[in-house]
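Single-structure report; data block below.
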Amino acid sequence: MDNLKEQLKHIEQLEANVGVLAKITDLFSHDEVSSDEIEAILATDVALTASVLRVANSAARGGSVQVKSLRDAITRTGAKDIRRLVVAHSGSSAVGSDLEAYGISRDEAWRAAVAGAIAAEGMARRRGFSDPGMAFLAGLLRDCGKLAMEQIVGKVELGDAIRSKSPTDDEAVWEQEHFGFDHCEAGSELAMLWGLPDELAEAIRDHHHPSSREPQQLVDLVHCADAVCLMMGIGVGLDGLAYEMDKEACQRIDFELSELEMIGDDLRNGMDELVNVANGDENND
Amino acid sequence: MSIPKLESNGATHTVGIAEMTIVQASEGCLITHALGSCIGVTVFDPVAQVGGLLHFMLDQPRSTEHKGDKAAAMFATTGIPELFRLAYAQGAQKERLIVCAAGGADLLNPGGGMQIGRRNLLMMQRLFWKNGVPVAGESTGGGVARTMRLDLSTGTVSLNAAGREEVLWTI
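Those protein sequences? They're chains P and U, same order as listed. Read in order, the letters of the first sequence are residues 8 to 292 in the numbering used here. Read in order, the letters of the second sequence are residues 6 to 176 in the numbering used here.
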């Protein structure tokens, strides 16, 4: 484990933007968040400011009167959605990269991250979870350890190894057996290195096996969100649809078939905006 | 998921999850990605030059919120009839329609997850059987995600599943 921590410290590619991510997570852990505080964080990142302005002026946000100031953009978009946008934008460097060894393109990795975030947040809200925004962030970052795996093991070596694995083997179990750690563990260590909350790191660590430790609702939510994404074909890589869906976790959070309809609605309503924000492109409206 | 490179002179319409598209065009293509447990259904009338693609998520609505038309393309029971209705409205005729289907995979674990793919497949087959709709090409079930494409100039339906190309139907 210490060796893994040391190796992760040297992965520069994963460090971009996480400062903003940690700040925004900390900010929203308080009950009252003022526009001044949000503005102060957004103003530290030019690309982020541009993204927020673009979203505020999109047709979907009723942008017939153009918003020019960051303050007005925050007011129009609303604190809750600003948090989603900032988290998506800031987290994209950690989960929106090409995962060659896993057979997942950059766009697909990012779509999977966003879909998992939206699904986890929606499920959290429907269950009255204390912090749906934390579920969003945990869903978004759940697979951030995959990029770390590629860098530590090597893309070619990891890709060759994944291709040799049985299609029915669970990815995380298989990684543990072959490398002594898995992408969940690597992702959890990264989250701690970035100064993100412990509960988030634990959700990333246990999202493949939510019943392996003391049950936690956040872990169960992220597990089910992860399974739904894969089920729907989002973020599928070389190992296809190999995934052990934990029945006990589903039971603990009353995850039933009818919930898939709600998740479908959540994805239809929220995917495009967030995918485009992180891409920084012009297709927002 | 590997995405095939598209080379077409006409427009490429991407159909998202729980969406459908019907076009009357002699070139271009319709494509949908991420068919895991979801199923893609294509219809093509070579005479009327009408093509359509539905990407449905679930077999039938279970919550009261989805009983209306708001999310017709999300379900087999509402999306499939709507796909055919829209195709007929564009001039397609049932006896000329070439229908293909792909998807309906399930998670590869001992319990089979929630068996959404299997449920979707059974409902689609039931609807087709009940309405006398023959399926010209089908690639369903298993544990792979599929990308499905309908070429509007020829009616060819092709798939990319786990990096392998497959033609489901062609002239």
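We put the beta carbon where it would ideally sit given N, CA and C, even for glycine.
- In the three-state scheme derived from DSSP, where H, G and I count as helix and E and B as strand, residue 41 of chain U is classed as coil.
- Counting along the chain, the unbroken beta strand (DSSP E) around residue 165 of chain U starts and ends at 162-166.
- Taking the beta carbon of residue 174 of chain P as reference, the chain U residues within 7 Å of it are 113 and 148, listed in sequence order.
- Legend: CB atoms of the segment 35-46 of chain U lying less than 7 Å from CB atoms of chain P belong to residues 39, 40, 41, 42 and 43.
- Closer than 8 Å to the CB of residue 109 of chain P there is not a single CB belonging to chain U.
- In this structure, DSSP gives residue 239 of chain P a state outside helix and strand, which the three-state scheme calls coil.
- Between residue 248 of chain P and residue 264 of chain P, the gap from beta carbon to beta carbon reaches 8 Å or more.
- Contacts with chain P at 8 Å (Cβ-Cβ) do not include residue 16 of chain U.
- Within the same chain, 23, 61, 62, 63, 66 and 71 come within 8 Å of residue 79 of chain U by CB-CB distance, once the 5 residues on both sides are set aside.
- Rounded to whole angstroms, the separation of the alpha carbons of residue 50 of chain P and residue 122 of chain U is 46 Å.
- By the beta-carbon neighbour count (other beta carbons within 10 angstroms, threshold 16), residue 261 of chain P is exposed.
- Chain-order list of chain U residues neighbouring residue 240 of chain P: 6, 38, 39, 40, 41, 42, 43, 108, 110, 150 and 151, by C-beta distance under 8 Å.
- Straight-line measurement puts the Cα of residue 102 of chain U at about 37 Å from the Cα of residue 123 of chain P.
- Among the bridge pairs identified by DSSP, residue 169 of chain U is matched with U:166.
- Residue range 103-108 is occupied by the beta strand (DSSP E) that includes residue 107 of chain U.
- Residue contact with chain P for residue 68 of chain U: present (Cβ-Cβ distance below 8 Å to some residue of chain P).
- Secondary structure at residue 103 of chain P: coil, using DSSP grouped into helix, strand and coil.
- Excluding its 5 nearest sequence neighbours in each direction, residue 110 of chain U has C-beta neighbours in its own chain below 7 Å: 41, 42, 122, 146, 147, 148, 149 and 150, listed in chain order.
- Within the segment 240-254 of chain P, the residues whose Cβ lies closer than 8 Å to any Cβ of chain U are, in chain order, 240, 241, 242, 243, 244, 245, 247, 248, 249, 250, 251, 252 and 254.
- Using a Cβ-Cβ cut-off of 8 Å, residue 265 of chain P counts as an interface residue toward chain U, since at least one Cβ of chain U sits closer than that to its own.
- At a cut-off of 8 Å between beta carbons, residue 271 of chain P contacts chain U.
- Taking a contact to require three or more Cβ pairs closer than 8 Å, the segment 65-85 of chain P and the segment 39-46 of chain P qualify as touching.
- In the structure shown, residue 19 of chain U falls within a strand segment according to DSSP collapsed to helix, strand and coil.
- The beta carbon of residue 281 of chain P sits closer than 6 Å to those of 95 and 121, all from its chain and outside the five residues before and after it, given in chain order.
- Here residue 174 of chain U really is in contact with residue 142 of chain U; their C-beta atoms are around 4 Å apart, less than 8 Å.
- Approximately 7 Å separates the beta-carbon atoms of residue 26 of chain U and residue 57 of chain U; this is inside 8 Å, confirming the contact.
- The segment 106-138 of chain P contains, as complete alpha helix (DSSP H) runs of 4+ residues, the segments 113-133 (chain order).
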